[in-house]
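Using my numbering, the first residue of the sequence shown is number 18, and each one after it goes up by one.
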Amino acid sequence: MIQRIQTVYLILAVACMGLLFLSAMSFMSVQAPGAAALQDPLLADGIFDVSDHSILLVLASVAMLLPALIIFLFKNRKLQMKLTRISIVLIVLVIALTIILFMQAFSSVPVGTEVTVEFGYLSPVLAIIFLVLALRFIKKDEKLVRSADRLR
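Rendered as structure tokens:
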């Protein structure tokens, strides 16, 4: 299980998604000019992170736990491939929902507000890359097992 390279990639994907739950990891930070107050509750603290919206929190949690589950399904490679694809779709949904929620919140922000993209926004993208690499090596294992079965 741990000696396979796809396990390492799945662990890295779990770690990337887990980073989103650290308080220092945010998607974006917002600074309003002068004394302008940010009216939207998502941006009231000046940062936009995974804990700002419950749907985003649930999706990110499932997207983090699914690769951890996939690691233990090493005997069923077809199910591993399906769940890895589902995990990639979930992370894409997390990214899309983040953009949608931020754009809705940003519409009520005063002109001249400075927005900084943080590392938390890159973390799901890295998780997708690691999941694609894991999927590639799971397929490679399946191909190797099938070729060995043909020789028997």
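We put the CB at the ideal spot given by N, CA and C, even for glycine.
Contact annotation: the stretch 79 to 89 touches the stretch 28 to 35, with at least three C-beta pairs closer than 8 angstroms. By alpha-carbon distance to F44, the top candidate from A113, I155 and R163 is A113. For S46, the secondary structure class from DSSP, reduced to helix, strand or coil, is strand. By the Cβ rule, the stretch 62 to 82 does not count as touching the stretch 150 to 167, because fewer than three pairs are nearer than 8 angstroms.
The shortest C-alpha to C-alpha distance from I103 to any of G137, A80, K92 and V132 is the one to A80.
Counting the other CB atoms within 10 Å of its CB gives Q121 a total below 16, which places it among the exposed residues.
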